[in-house]
Amino acid sequence: MCSSDSREAHLEREVVLSKREEISKNLFVLTFETRDPFPRIQPGQFVMLRTSPGLDPLLGRPFAISGVEANRLELLVAVVGRGTRILSSFPPGELLRMRGPLGNGFPLQPGKRVHCLAGTTGIAPFVLAKTEIPGIEVYLGIPGSHWEGLASWASEKIPNLHLYSEDASVGFAGTPLSCIGSLEATVDVVWACGPMGMLKAVHHECERHAIRSWVSLETRMACGIGGCHGCVVQTVNGLRKTCTDGPVFDSREVLWNE
Numbered sequence: 500m501c502s503s504d505s506r507e508a509h510l511e512r513e514v515v516l517s518k519r520e521e522i523s524k525n526l527f528v529l530t531f532e533t534r535d536p537f538p539r540i541q542p543g544q545f546v547m548l549r550t551s552p553g554l555d556p557l558l559g560r561p562f563a564i565s566g567v568e569a570n571r572l573e574l575l576v577a578v579v580g581r582g583t584r585i586l587s588s589f590p591p592g593e594l595l596r597m598r599g600p601l602g603n604g605f606p607l608q609p610g611k612r613v614h615c616l617a618g619t620t621g622i623a624p625f626v627l628a629k630t631e632i633p634g635i636e637v638y639l640g641i642p643g644s645h646w647e648g649l650a651s652w653a654s655e656k657i658p659n660l661h662l663y664s665e666d667a668s669v670g671f672a673g674t675p676l677s678c679i680g681s682l683e684a685t686v687d688v689v690w691a692c693g694p695m696g697m698l699k700a701v702h703h704e705c706e707r708h709a710i711r712s713w714v715s716l717e718t719r720m721a722c723g724i725g726g727c728h729g730c731v732v733q734t735v736n737g738l739r740k741t742c743t744d745g746p747v748f749d750s751r752e753v754l755w756n757e
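Counting with this note's numbering, you get residues 500 to 757 for the letters of the sequence shown.
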């Protein structure tokens, strides 16, 4: 799990929203600050953030971490429901409750040649990863020009980002999946984060080319610490909890329901 002990990892702390940047419609980069520095965070770990001190909404929301520096933490937030809409509307200075870092991140393997494939907001952990492993290659796929704000933000964060769009409006035409075959001689492992359909396709394509792959699963979560069993996934080792056993899994472990 995370590099801090379990007590630190499950620590719920008060944070203040220090910066709110809207990079495109319904997509925000939020920066939070806290009194004490965050522990070291692995790319792929997440935090649970409460959007209300009361009972509505009752549950926190999970967010992958896109950046951390001392007592400052950055999240990429897409508005997909009531909780994220409330969160994105807060002005700087708002106080919230945050739990984390939580979960298992992508395995850092010195000397391995890593290529990262992201679908839209799945780019978040790879923005953080670029600071940990400067030599990684990152590929971002977006549906079309309405995601151009995300592409611009990611390009500023990740030099030499490989961009793909399904409508050919930004970067190369197609999706990052199309590059996997050409990577066979230059990559040891693929990391992927994005929609479940994309992750399933990454797994099959990597298996076809004998490339090891790790995937970060996006599932609904309630507690983030394994207490509610609301985020279980089927694996070759039985049911596993995305929040504590993941969210990053070896893609060969996941049962993709073929």
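Virtual Cβ for every residue (Gly too), placed ideally from N, Cα, C.
Nothing here was measured: the structure is a model prediction, and the numbers come from that model.
Go ahead and label Ser715 buried or exposed: buried means 16 or more other beta carbons lie within 10 angstroms of its beta carbon, across all protein chains shown.
Working through the sequence shown from its first residue, we reach residue 715 at position 216. The residue in question, Ser715, is buried, as its Cβ has 16 or more Cβ neighbours within 10 Å.
What are the boundary residues of the beta strand (DSSP E) that includes Phe537?
On the sequence shown, position 38 is the one that residue 537 refers to. From DSSP, Phe537 is part of no beta strand (DSSP E); its letter is neither H nor E.
For His645 and Gly580, what's the separation of their Cα atoms in angstroms?
Start at 1 with the first residue of the sequence shown, and residue 645 comes out as number 146. Start at 1 with the first residue of the sequence shown, and residue 580 comes out as number 81. Approximately 19 Å, taken between the alpha carbons.
Counting pairs of Cβ atoms below 8 Å between the segment 509-516 and the segment 586-602, do you hit three or more?
yes
Taking the runs of the alpha helix (DSSP H) that are 4 residues or longer, which of them lie wholly in the segment 689-718?
695-707
Name the two residues that bound the continuous alpha helix (DSSP H) containing Ala605.
For the purposes of this step, residue 605 is identified with residue 106 of the sequence shown, where counting begins at 1. Note that residue 605 corresponds to Phe in the displayed sequence, not to Ala. Here Phe605 belongs to no alpha helix (DSSP H), and DSSP marks it neither H nor E.
Rounded straight-line distance, which links the Cα of Thr530 to that of Phe537:
Against the sequence shown, residue 537 aligns to sequence position 38. Against the sequence shown, residue 530 aligns to sequence position 31. Computed Cα separation, rounded: 13 Å.
Near the ligand SAH: Val637 beta-carbon under 6 Å from a heavy atom
Among the components of this structure there are no ligands whatsoever, and the ligand SAH is therefore not found.
How many Å lie between Ser503 and Pro590 at the Cα?
Stepping through the sequence shown from its first residue, residue 503 is reached at position 4. Stepping through the sequence shown from its first residue, residue 590 is reached at position 91. No answer about Ser503 holds up, because its pLDDT of 39 lies below 50 and its placement is not dependable.
Within the same chain, show all residues whose beta-carbon is closer than 7 Å to that of Gly648, passing over the 5 residues directly before and after it, in chain order.
For the purposes of this step, residue 648 is identified with residue 149 of the sequence shown, where counting begins at 1. For Gly648, where only same-chain residues beyond five positions count, the Cβ hits under 7 Å are Ile522, Ser523 and Leu526.
Of the residues Phe562, Asn603, Leu607 and Gln608, the one placed nearest Ser587, counting alpha carbons only
Within the sequence shown, the letter at position 88 stands for residue 587. Comparing Cα-Cα distances from Ser587 to each of Phe562, Asn603, Leu607 and Gln608, the minimum goes to Phe562.
Buried or exposed: which applies to Asp687, given that a residue is buried once 16 or more other Cβ atoms fall within 10 Å of its Cβ?
Sequence index remark: in the sequence shown, residue 687 carries index 188 (1-based). Within 10 angstroms of the beta-carbon of Asp687 lie fewer than 16 other beta-carbons, which makes it exposed.
In the DSSP assignment, what residue or residues form a beta bridge with Gly640?
On the sequence shown, residue 640 is found 141 positions in, with the first residue counted as 1. Partner(s): Gly618 and Tyr663.
Quick one: grab the DSSP three-state call for Glu593.
By 1-based counting over the sequence shown, the position of residue 593 is 94. Residue state, collapsed to three classes: coil.
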